[in-house]
Amino acid sequence: LIFIRGYPTPAWLNTVGSKYKVDPDFFARHLDYLIPTTSETFPSPALPSSLSHMVTLYVTTIGSRDRARRTFRQSEIDSIRISDKRKMAGYSRSLSAGSDFNAGNALVRYYSTLDESHFTIEQRITVNIHRRRNEQPEAQLHPVISYKHMHGLNPDTLTTGGVIDTDPSHRFKVPQTATLLHRRFGQTLLRKDMGRDILYALDKVFSLAISSECQFLDMMEKKLDRTLEKVNADEFDTLPDLKFLRQLLYRHIQQIQETIVGVENARSPLVGPKGKTVSPAKEAEADTEVNQTATTTLRDLDHSLRHAEALERRIQDTISVLMSSVSIAESRRGMEQQERIGKLTILAFIFVPLSFTSFFGMNFKEMKADIMSIWQWFTVSVPIVVFTQLALFVTAEQMKSSLRWLRGRRKAGPIAPGDKAK
Numbered sequence: 023l024i025f026i027r028g029y030p031t032p033a034w035l036n037t038v039g040s041k042y043k044v045d046p047d048f049f050a051r052h053l054d055y056l057i058p059t060t061s062e063t064f065p066s067p068a069l070p071s072s073l074s075h076m077v078t079l080y081v082t083t084i085g086s087r088d089r090a091r092r093t094f095r096q097s098e099i100d101s102i103r104i105s106d107k108r109k110m111a112g113y114s115r116s117l118s119a120g121s122d123f124n125a126g127n128a129l130v131r132y133y134s135t136l137d138e139s140h141f142t143i144e145q146r147i148t149v150n151i152h153r154r155r156n157e158q159p160e161a162q163l164h165p166v167i168s169y170k171h172m173h174g175l176n177p178d179t180l181t182t183g184g185v186i187d188t189d190p191s192h193r194f195k196v197p198q199t200a201t202l203l204h205r206r207f208g209q210t211l212l213r214k215d216m217g218r219d220i221l222y223a224l225d226k227v228f229s230l231a232i233s234s235e236c237q238f239l240d241m242m243e244k245k246l247d248r249t250l251e252k253v254n255a256d257e258f259d260t261l262p263d264l265k266f267l268r269q270l271l272y273r274h275i276q277q278i279q280e281t282i283v284g285v286e287n288a289r290s291p292l293v294g295p296k297g298k299t300v301s302p303a304k305e306a307e308a309d310t311e312v313n314q315t316a317t318t319t320l321r322d323l324d325h326s327l328r329h330a331e332a333l334e335r336r337i338q339d340t341i342s343v344l345m346s347s348v349s350i351a352e353s354r355r356g357m358e359q360q361e362r363i364g365k366l367t368i369l370a371f372i373f374v375p376l377s378f379t380s381f382f383g384m385n386f387k388e389m390k391a392d393i394m395s396i397w398q399w400f401t402v403s404v405p406i407v408v409f410t411q412l413a414l415f416v417t418a419e420q421m422k423s424s425l426r427w428l429r430g431r432r433k434a435g436p437i438a439p440g441d442k443a444k
């Protein structure tokens with residue numbers, strides 16, 4: 023097993039590639055950050071048939087900040103996410119140019135801010151399965167495993183307990199879990215069986231990747247529950263969060279599917295000297311733990327995939343219901359506004375003719391000033407104001423209900439003095 027960690031130099035790639043005859047396409051797929059993000063070449067995605075010697079694993083690290091003194095508004099979270107994309111674009115350009123990076127410096131594939139308390143770092147482990155003529159399987163691992171905020175991972179940036187400290191004068195002791203992956207690797211495995219089955223040899227690597235994915239999905243489920251609690255409070259502010267979580271889950275679903283394809287392709291029959299396939303009898307004699315490694319790994323990956331798909335469907339259903347409720351609310355507001363406009367239109371037919379009441383203030387010859395009283399204005403205005411207010415605030419259904427009640431009272435006759443009105 024050969025571990026190559028972090029930023030590789032051309033000398034590393036040339037040495038490993040020439041000594042073990044590694045397919046250059048393997049390095050090209052692992053170092054895909056060398057392709058500019060603005061490129062219009064549209065490189066073809068990897069087909070399952072071309073991944074028989076490759077397995078790609080994704081390790082997601084969850085980070086938490088000290089709880090903010092206040093809850094961020096959705097606009098602030100959106101602004102932080104836009105800033106993250108801009109910084110990651112600059113980081114990718116630096117990787118492509120090879121500036122400010124030394125051999126072994128760790129890399130970050132994706133960074134996302136979930137809310138004011140949590141963020142995630144995504145890294146990649148690429149496994150190349152290569153068999154020499156003596157048919158001893160070999161693997162090169164390219165994990166991106168150390169952590170430093172927005173600049174890759176570095177075990178020196180972690181304090182005791184895994185707390186990130188921004189003070190450069192401090193020395194830190196506890197690195198990220200995956201940083202120790204290559205140390206004492208395989209001590210709990212049987213060496214004779216490690217050479218027999220590549221998936222058994224890399225069992226700890228798969229366990230790390232799957233465990234990190236399960237931890238990420240559990241966190242996403244809690245974040246989703248908390249987001250759904252705010253749906254009734256402010257529907258419009260919840261939509262951006264739901265869409266962001268759905269995009270993040272869709273990204274992880276694709277990654278899990280890619281890993282499953284790689285594991286299925288790596289389930290090749292046992293091989294012996296000179297490339298001859300081991301007989302079924304000898305294969306049956308292999309250790310039970312070795313034979314079950316691939317099955318267990320695929321079962322765990324399938325569990326993670328179904329969990330992620332269930333969360334995505336839950337978010338999609340919530341978005342659909344939310345959009346429907348928003349549309350219904352908008353329709354109701356439109357109907358209410360249309361009803362008000364209709365009432366105002368009716369009132370206009372009343373007030374426009376009343377503009378002729380200005381004639382009351384004119385000294386026509388036909389009208390004598392000594393017989394016109396100021397109380398006539400109140401006599402005309404008060405009934406009109408009362409009528410218009412009733413027409414504006416009382417709906418047609420309320421008017422019909424009142425009329426039905428009056429008709430019912432008339433049919434019932436007068437109420438006796440000792441009876442109570444119902």
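Numbering (my numbering), first residue to last: 23 to 444.
By construction, the Cβ of each residue, glycine as well, lies at the ideal position given by its N, Cα and C atoms.
The model shown is predicted, which means the values in this text are computed figures rather than measured ones.
Per DSSP, reduced to three states, the secondary structure at H140 is strand. If you ignore the 5 residues before and after R103, its C-beta comes within less than 6 Å of the C-beta of T135, all in its own chain and listed in chain order. By the neighbour-count definition (other C-beta atoms within 10 Å, threshold 16), Q360 is an exposed residue. I99 has no beta-bridge partner at all, per DSSP. Cα atoms of L221 and D324: separation of roughly 16 Å, rounded to the nearest angstrom. Inclusion of I337 and L271 in the CB contact set at 8 Å is warranted, their separation being smaller than that value. Straight-line spacing of the CA atoms in T340 and V408 works out to 47 Å. By the Cβ-count criterion, V402 is exposed, with fewer than 16 other Cβ atoms from all chains shown falling within 10 Å of its own Cβ. A distance of 8 Å or more separates the beta carbons of L333 and L264.
If you look at Y222, you'll find it in the alpha helix (DSSP H) that goes 220–223. In the same chain as H329, and ignoring 5 residues on each side of it, the C-beta atoms closer than 6 Å to its own belong to L239, in chain order. In the structure shown, T281 falls within a helical segment according to DSSP collapsed to helix, strand and coil. Looking only at G28, Y80, G39, K43, the smallest Cα-Cα distance to G284 is reached by Y80. Note on S40: under 16 other CB atoms within 10 angstroms of its CB, so exposed under the neighbour-count rule. Out of K226, L261, Q411, the CA that lies nearest to the CA of S97 is found in L261. Looking at the backbone, the Cα of D322 and that of I350 are separated by about 42 Å.
The Cβ-Cβ distance between L224 and I275 does not fall below 8 Å.
Approximately 7 Å separates the beta-carbon atoms of T93 and E138; this is inside 8 Å, confirming the contact.
Of the residues S234, S233, L267, I232, the one whose Cα lies closest to the Cα of D247 is L267. The C-alpha of M76 is placed about 10 Å away from the C-alpha of H52. Assigned with DSSP and collapsed to three states, F25 falls in strand. Rounded to the nearest angstrom, the gap between the Cα atoms of E358 and G364 is 10 Å.
It is roughly 11 Å from the alpha-carbon of S101 to the alpha-carbon of R108. For T135, the enclosing beta strand (DSSP E) has its first and last residue at 132–135. Annotation: K244 to G112 spans about 31 Å, alpha carbon to alpha carbon. Going by DSSP, L35 is part of the alpha helix (DSSP H) stretching over 32–42. Assignment of beta-bridge partners to G85 by DSSP yields F141.
With respect to R273, G126 sits apart: the two C-beta atoms are not nearer than 8 Å. A straight-line Cα-Cα distance of about 22 Å links V38 and A119.
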